[in-house]
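What follows is a set of notes on a single structure, which appears directly below.
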Amino acid sequence: PALIDTRKDCEKKRDEECKKTFLGGQLIEVECHVTCDEEGWFMTESCQHKRCRCVDKYTGKQMDAEFEMGTHYCNSESEPVYITICNRQSKLNCTSEGFFESTQCSTAGHCYCVYSDTGDKVYKSDNPQRT
Numbered sequence: 866p867a868l869i870d871t872r873k874d875c876e877k878k879r880d881e882e883c884k885k886t887f888l889g890g891q892l893i894e895v896e897c898h899v900t901c902d903e904e905g906w907f908m909t910e911s912c913q914h915k916r917c918r919c920v921d922k923y924t925g926k927q928m929d930a931e932f933e934m935g936t937h938y939c940n941s942e943s944e945p946v947y948i949t950i951c952n953r954q955s956k957l958n959c960t961s962e963g964f965f966e967s968t969q970c971s972t973a974g975h976c977y978c979v980y981s982d983t984g985d986k987v988y989k990s991d992n993p994q995r996t
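Residues in the sequence shown are numbered from 866 upward in steps of one, following this note's numbering.
Okay, structure coming up:
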């Protein structure tokens, strides 16, 4: 019986493009730009020489928008999102545009308002229950 290749497309492309070859008895390593995540899908960001593009995790297709390394991250739609004060922290909720959600609520249901650009609490905006 024939063996079934269970590798995902990313793993196949990486194995194909990133082979080590011998030339004149010396090992030549090909610079590899195909990176896969731990589940075998394409990494959602591809960077070369500090310039990056978002990548479709299933097909490996690079998107047109290019950005400088460390200034954006790629969302689930393979779109670059500018790294803001909000998405550099993990305590407050952010909008998809990277601003702070104006109403923040704890897991206990205590809610309060914040300024969308800074995340600072709006004075006397406490609401004991989520509405």
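Where is the CB? At the ideal position from N, CA and C, for every residue including glycine.
Here the structure is a predicted model, which means the values were calculated and not measured.
Worksheet item: Where do the ends of the alpha helix (DSSP H) carrying Cys875 lie?
Response: 874-882
Fill in: Exposed unless 16 or more other CB atoms sit within 10 angstroms - verdict on Val987
exposed
Item to complete: State buried or exposed for Gly974, treating a residue as buried only when at least 16 other CB atoms are found within 10 Å of its CB.
Response: exposed
Discussion item. I'd like to check one pair, Phe965 with Pro945: are the Cβ atoms closer than 8 Å?
Written reply: no
Item to complete: Could you say which of Asp870, Glu903, Thr983 lies nearest to Lys922 if we only look at CA atoms?
Response: Glu903
Worksheet item: When the Cα atoms are used, what is the spatial distance from Val883 to Gly963?
Response: Sequence check: residue 883 is Cys here, not Val. The alpha-carbon atoms of Cys883 and Gly963 are separated by roughly 36 Å.
Worksheet item: Going by the CB atoms, is the gap between Met928 and Arg918 shorter than 8 Å?
Response: yes
Worksheet item: What did DSSP end up calling Asn958 once you bin it into helix, strand or coil?
Response: coil
Worksheet item: His937: buried (16+ other C-beta within 10 angstroms of its C-beta) or exposed?
Response: buried
Worksheet item: How close, in whole Å, do the beta carbons of Asp874 and Gly925 come, if the pair is a contact with beta carbons under 8 Å?
Response: 6 Å
Discussion item. Please state the DSSP three-state secondary structure of Cys897.
Written reply: coil
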